[in-house]
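All remarks here apply to the structure that follows.
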Amino acid sequence: MSGSSRQHIDFVNSPMKQKRVSQLPGIGFVLGGKLIDAGITRAYHVFGKFLVLDKDRIAFYEWLRGFGADDGQCTACFNALDEWCKRYLG
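Numbering (full-length UniProt numbering), first residue to last: 1 to 90.
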């Protein structure tokens, strides 16, 4: 996990529960606001989309770019969800 941000480490090291969408790595104020405006208020909403897209990196990036995310934001979010999934769901 070398080089991981504090936000990434905190996210993947705890259950998802009711984490806000803004607690996802890569999701800042502006992007978080766009997601919230679309009714995506919790991290588990984004995680659900990650699963519906079969954990496909390209499809997930395309979906998140639809809200204005850049490559760095897509990468940070995808990597955190992927690691969380491996840690908690095997």
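For each residue, glycine too, the CB sits at the ideal point set by N, CA and C.
All figures in this text were calculated on a predicted structure; none of them were measured in a lab.
For residue j and residue i, believed in contact at Cβ under 8 Å, the rounded distance
i: R42; j: Q18; result: 6 Å
i: L24; j: G68; result: L24 to G68, Cβ: 15 Å. No contact.
i: D82; j: K49; result: With a Cβ gap of about 13 Å, D82 and K49 do not count as contacting.
Beta-carbon proximity check, residue i vs residue j, cutoff 7 Å
i: L35; j: V21; result: yes
i: G26; j: C77; result: yes
i: A80; j: F11; result: yes
i: Y61; j: M16; result: no
Q: Return the chain-ordered ranges of every alpha helix (DSSP H) run that is complete within the region 6–47 and spans a minimum of 4 residues.
A: 6–12, 29–37
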